[in-house]
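Following: one structure in structure tokens, then a few remarks.
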Ligand code: ATP
Ligand code: MG
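Numbering (this note's numbering), first residue to last: 20 to 437.
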């Protein structure tokens, strides 16, 4: 048997995992400030859920889904994105009844069978937010502001949001035909997949990685109906009040079918060709079309892997213990083990290697651990009921403190390091 992970799937070693955890912690803090509550939905759902909500002609459904038939003969899929599950739960659990604000966030891994490359994995983490039941531009502005504050809190200041409006079903009905007529005249310039899908969904061509760029310049533009235009203007005004920099980008379409009105993305050129950190938009018709109440909604999803890549030059999280306990003699092993327990009970991150190893070898581990202090117990300390505290990072005298006082003394030494 060869021991290797699958292509596009990877291990996050402790340093990376700590970066992810720090982003998640920042997100949870910001979500609490904005009144969002966590919703944990299943990783696997009926395939049909994603086909119907994400959309049949989307890349996700057409070619990226991990779908299979389970033992009971059901067609299921491992989730490629978070919104369909949240909407399913909202309908199934009657969450519209639970109060006037249905604001949910999720943190979880998503799965897409795409070609792996830098910043594109087959299993990746998303942090997402959904605000269901509020049609007003205040909800748009709040959702986008929260996203920008979250990115700041996570360590990425100065983000600018790319913003566009796709209008409502009404605006798009006319536009769909205009665009289709235009695209039919340009089939020789379209890529193979676009040629195949324009008849079913001409808008998808605008989001195509190959054709999108030239179409942005040449294709006819969508004209918003007065209501959608007012909603878009108001959203921009409110973002200005919130102090959120944004840039109207008529070429921004987004690859999912359910979007209406406001769509947005945060990008960073530092990411190269996989430049999107976060994408989102309004989905006013999705809940109803899935069999739920008429509930307009807006949400976004952020790629934690890409955000972590952007933050890789920030100081690495400190994973070192604060102190390292060493048993200098065999007789001191039990007392050292007791000391470890007392330190941890006092809230001090303490570690040790193997007390049965030589003093020299334990001290080498102490140095390697990155701890600020080694705590030694040998024959003398055992007799006197003390612990020797030895600084590891800075020059300094070894001091002896009574065993019972060691945790408190260390706390004062370590401040504000712990
Ligand atoms: P892209 O255009 O890069 O394919 P997308 O439009 O498919 O992105 P969304 O479905 O909007 O992405 O997902 C939101 C975020 O999730 C993206 O902005 C990105 O940061 C992240 N993301 C999407 N697909 C992947 C992936 N395969 N690997 C890592 N992160 C991803
Ligand atoms: Mg994609």
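Every residue gets a Cβ at the ideal spot worked out from N, C-alpha and C, and that includes glycine.
Query	Result
Please classify residue 158 as buried or exposed, where buried requires at least 16 neighbouring CB atoms within 10 angstroms.	buried
When burial is assigned at 16 or more other CB atoms within 10 Å of the CB, is residue 87 buried or exposed?	exposed
Assuming residue 350 contacts residue 368 (C-beta within less than 8 Å), just tell me the rounded distance between them.	Going by Cβ atoms, the distance from residue 350 to residue 368 rounds to 26 Å, so no, they are not a contact pair.
Opposite residue 414 in the DSSP bridges: which residues?	Partner(s): none; residue 414 has no beta bridge.
Using a Cβ-Cβ cutoff of less than 7 Å, which residues in the same chain neighbour residue 55 once the five nearest sequence positions on both sides are dropped?	122, 123, 124 and 148
What does the alpha-carbon distance come out to for the pair residue 409 and residue 394?	6 Å
Nearest-angstrom Cα distance between residue 348 and residue 404?	15 Å
Since residue 278 and residue 253 are thought to touch, with beta carbons under 8 Å apart, how far apart are those beta carbons, to the nearest angstrom?	Rounded, the Cβ-Cβ distance is 18 Å, inconsistent with contact.
Could you check the C-alpha separation between residue 424 and residue 373 for me, to the nearest Å?	24 Å
Look at residue 227 and residue 187 and say whether their C-beta atoms are less than 8 Å apart.	no
Between which residues of its own chain and residue 179 is the CB-CB distance below 7 Å, once the five residues before and five after are set aside?	264, 265 and 266
Restricting to Cα atoms, I'd like to know which of 113, 74, 280 and 136 is closest to residue 291.	136
Nearest to residue 111 by alpha carbon, out of 310, 273, 366 and 93?	310
Measuring CB to CB, does residue 68 end up less than 8 Å from residue 103?	yes
Apart from the five residues just before and just after residue 215, which ones in its own chain have a Cβ nearer than 6 Å to its Cβ?	none
Specify, as a first and last residue, the run of the alpha helix (DSSP H) that residue 5 falls within.	With the chain running from 20 to 437 in the structure shown, residue 5 is simply not present.
Taking only runs that begin and end inside the segment 36 to 83, name each unbroken alpha helix (DSSP H) of 4 or more residues, in chain order.	66 to 73
So residue 398 packs on residue 407, CB below 8 Å; how close in whole Å?	No, residue 398 and residue 407 are not in contact; Cβ-Cβ is about 11 Å, not under 8 Å.
Less than 8 Å between the beta carbons of residue 101 and residue 320, yes or no?	yes
Taking the beta strand (DSSP E) that residue 300 belongs to, which residues open and close that run?	295 to 301
Is the shortest distance between the beta-carbon of residue 380 and the beta-carbons of chain B less than 8 Å?	Looking for chain B here will not work: only one protein chain is present.
Who does residue 321 pair with in a DSSP beta bridge?	146 and 297
Could you pull out every residue in the same chain whose Cβ sits closer than 6 Å to the Cβ of residue 206, ignoring the five residues on either side in sequence?	214
Is it the case that the CB of residue 78 approaches a heavy atom of the ligand MG more closely than 7 Å?	yes
On the DSSP letters alone, give me the boundaries of the alpha helix (DSSP H) that residue 29 sits inside.	Here residue 29 belongs to no alpha helix (DSSP H), and DSSP marks it neither H nor E.
Alpha carbon to alpha carbon, how far is residue 281 from residue 258? Give it in angstroms, no decimals.	12 Å
With distances taken between CB atoms, is the gap from residue 296 to residue 273 smaller than 8 Å?	no
Please name the residue, chosen from 99, 43, 305 and 185, that lies closest to residue 61 on a Cα-to-Cα basis.	99
With C-beta atoms as the reference, is residue 80 less than 8 Å away from residue 89?	no
Which runs of the alpha helix (DSSP H), 4 residues or longer, sit entirely within the segment 134 to 194?	156 to 173
Which residues does DSSP list as the beta-bridge partners of residue 265?	180
Could you tell me if residue 190 is buried or exposed, where buried requires 16 or more neighbouring beta carbons within 10 angstroms of its beta carbon?	buried
Considering only heavy atoms of the ligand ATP, does any lie closer than 7 Å to the CB of residue 321?	yes
At a threshold of 7 Å, does residue 274 count as lining the ligand MG (C-beta to nearest heavy atom)?	yes
With DSSP run on the structure shown, which of helix, strand or coil describes residue 272?	coil
Looking at the unbroken beta strand (DSSP E) that takes in residue 94, where does it start and where does it end?	94 to 97
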